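To start, the structure under review is shown below, and the notes come after it.
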Amino acid sequence: MSVSTHFRPPAVAGLFYPGDSQQLAVEVSALLAECHPPLLHPKALIAPHAGYIYSGPVAAQAYALLTPLRAIVQRVLLLGPVHRVPIHGLATTGADYFRTPLGDVPIDGRAVMEACKLPQVAIHDGAHGPEHSLEVHLPFLQTVLDDFSLVPFAVGMASATEVAQVLDLLWGGEETLIVVSSDLSHYHGYQEAQRLDRQTADDILHLHPLSSHEQACGATPINGLLEAARLRGLRPTLLDLRNSGDTAGDKSRVVGYGAFAFEA
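Pasting the structure below:
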């Protein structure tokens, strides 16, 4: 008996980023070409997840670091907040592939099953279906890495420790990269957003837990990463800190974006 292959189709292609594969490849390559990354060997990244016109230049600063690791990174743990479907704990997937206009990214099914042994993790494809916070990172990863598998987690109501437990379980070696998806402050004036986001960046750089989702929509997975970073001695570096008023929007109501790398 044949077993059908389950694909998670793109939800925001043509909205948050180009839906045409050639146009998407050109746009991602152009964003990366604008970067001049420092010499870092990151174990983990924090990068934003808005439409590329807004946050793409900031996200590219994180992904440009991975070019020297193209053949080394073989698995990506990708965690982002849920925006559409409220959930408890962390939702992973029963899909075999996540699809983008650039192709299909295989899911590490063995790692998914291992994570599901933890009580806070469950397969919940309904949470992934409309969610953009993970999807928008995939074209960057497909561009800067060779063959890699994905372990996706949409993070809902969970503690930092519950997130850190998942990271610890699947930590691996240099073949495993962690990516946390998060924007920063939302809908403040330009100068107020700058002030708030500088404080958030300072908290992250000192491995201090974020106090609320007002600082970052992905505060829960960020705090899980910060807990793991403290335990494993990772050092964070700020790569970029801007907002939509700097990239493509007006300055009256902006969204903040930050890019960070964590190195052992």
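First residue of the sequence shown? That's 8 in my numbering, and the numbers climb one at a time after it. Every residue gets a Cβ at the ideal spot worked out from N, C-alpha and C, and that includes glycine. All values reported here derive from a predicted model rather than from experimental measurement.
Sequence-distant residues of the same chain with beta carbon closer than 6 Å to Ser9, five excluded per side: Interpretation of Ser9 is limited by its pLDDT of 49, a score under 50 that renders its predicted location unreliable; the figure taken from the coordinates is listed afterwards. Only residues of its own chain outside the window of five on either side were considered, and among them none has a CB closer than 6 Å to the CB of Ser9.
Among the residues of its own chain, which have a CB less than 7 Å from the CB of Ala134, if the five just before and after it don't count? Val89, Val92, Ile94, Ala98, Ala161.
Do you know whose CA, among Leu109, Pro16, Leu174, Ser189, lies nearest Leu152's CA? Checking every option, the nearest Cα to that of Leu152 belongs to Leu109.
For the putative contact between Phe14 and Ala102, defined by C-beta atoms under 8 Å, what is the C-beta separation to the nearest angstrom? That belief holds up - the Cβ atoms of Phe14 and Ala102 are roughly 6 Å apart, short of 8 Å.
Rounded to whole angstroms, how far is the Cβ of Val35 from the Cβ of Phe155, which I believe are closer than 8 Å? Between the beta-carbon of Val35 and that of Phe155 there is about 16 Å, and that puts the pair past the 8 Å contact cut.
Report yes if the CB atom of Ala226 is closer than 8 Å to the CB atom of Leu232, and no otherwise. Result no, Cβ atoms of Ala226 and Leu232 do not sit closer than 8 Å.
Using the C-alpha atoms, what's the distance from Phe267 back to Asp247? Straight-line measurement puts the Cα of Phe267 at about 7 Å from the Cα of Asp247.
Spatial neighbours of Thr168 in its chain, beta-carbon cut-off 8 Å, leaving aside the 5 residues before and after: Within the same chain, Cβ atoms closer than 8 Å to the Cβ of Thr168 are found at Gly231, Glu234, the five residues on either side in sequence being excluded.
Enumerate, from N- to C-terminal direction, the unbroken beta strand (DSSP E) stretches of 3 or more residues contained entirely within the region 105–134. Fully enclosed beta strand (DSSP E) runs of no fewer than 3 residues occupy 110–113, 128–130 of the region 105–134, in order along the chain.
Of the choices Ser11, Ala20, Pro44, Leu245, whose alpha-carbon is the least far from that of Leu145? Minimum Cα-Cα distance from Leu145 among the listed residues Ser11, Ala20, Pro44, Leu245 corresponds to Ala20.
Use the C-beta contact count for Ala208: other C-beta atoms within 10 angstroms, 16 or more gives buried, fewer gives exposed. Taking a 10 Å sphere around the C-beta of Ala208, we find 16 or more other C-beta atoms and assign the residue as buried.
Neighbourhood of Leu241 by C-beta distance below 8 Å, restricted to the same chain and skipping five residues each side: Hits under 8 Å: Lys50, Ala51, Ala235, Phe269, Glu270, Ala271.
In terms of residues, what are the limits of the beta strand (DSSP E) holding Pro88? It spans 82–88 - the beta strand (DSSP E) in which Pro88 sits, taken as one unbroken run.
To the nearest angstrom, how far is it from the Cα of Arg82 to the Cα of Asp257? Taking the CA atoms as reference points, Arg82 sits about 38 Å from Asp257.
Here's the rule: buried if 16 or more other CB atoms are within 10 angstroms of the residue's CB, otherwise exposed. What is Val33? Exposed: under 16 other Cβ atoms inside 10 Å.
Under 8 Å, do Leu85 and Pro159 count as touching if we go by C-beta distance? With respect to the 8 Å criterion, Leu85 and Pro159 are classified as neighbours on the basis of their beta carbons.
What is the rounded straight-line gap between the Cα of Thr12 and the Cα of Cys42? Cα to Cα, Thr12 sits roughly 37 Å from Cys42.
Is DSSP giving Gly179 helix, strand or coil here? Note: Gly179 maps to coil in three-state DSSP.
Measuring only the C-alpha atoms, how far is Asp253 from Ala200? Spanning the two alpha carbons is a distance of roughly 11 Å.
Name the DSSP beta bridge partners of Ala54, please? Per DSSP, the beta-bridge partners of Ala54 are Ser188.
Return the chain-ordered list of same chain residues with a C-beta closer than 6 Å to the C-beta of Ser140, the five sequence neighbours on each side being excluded. Take Ser140, set aside five residues on each side of it, and the residues of its chain with a beta-carbon closer than 6 Å to its own are His56, Gly87, Pro88, Ser188, in chain order.
Sequence-distant residues of its chain with Cβ nearer than 8 Å to Ala122 (five each side left out): Only residues of its own chain outside the window of five on either side were considered, and among them Leu97, Thr99, Val128, Val158, Phe160, Val173, Leu176, Leu177 have a CB closer than 8 Å to the CB of Ala122, listed in chain order.
The ligand GDP and Gly136: does any heavy atom of the ligand fall closer than 7 Å to the residue's C-beta? As for the ligand GDP, it is missing from this structure, which has no ligand bound.
Exposure label - Ser219; buried when at least 16 CB within 10 Å: By the 16-neighbour rule on beta-carbons within 10 angstroms, Ser219 is exposed.
If we count the other Cβ atoms within 10 Å of its Cβ and call it buried at 16 or more, is His131 buried or exposed? Result: buried.
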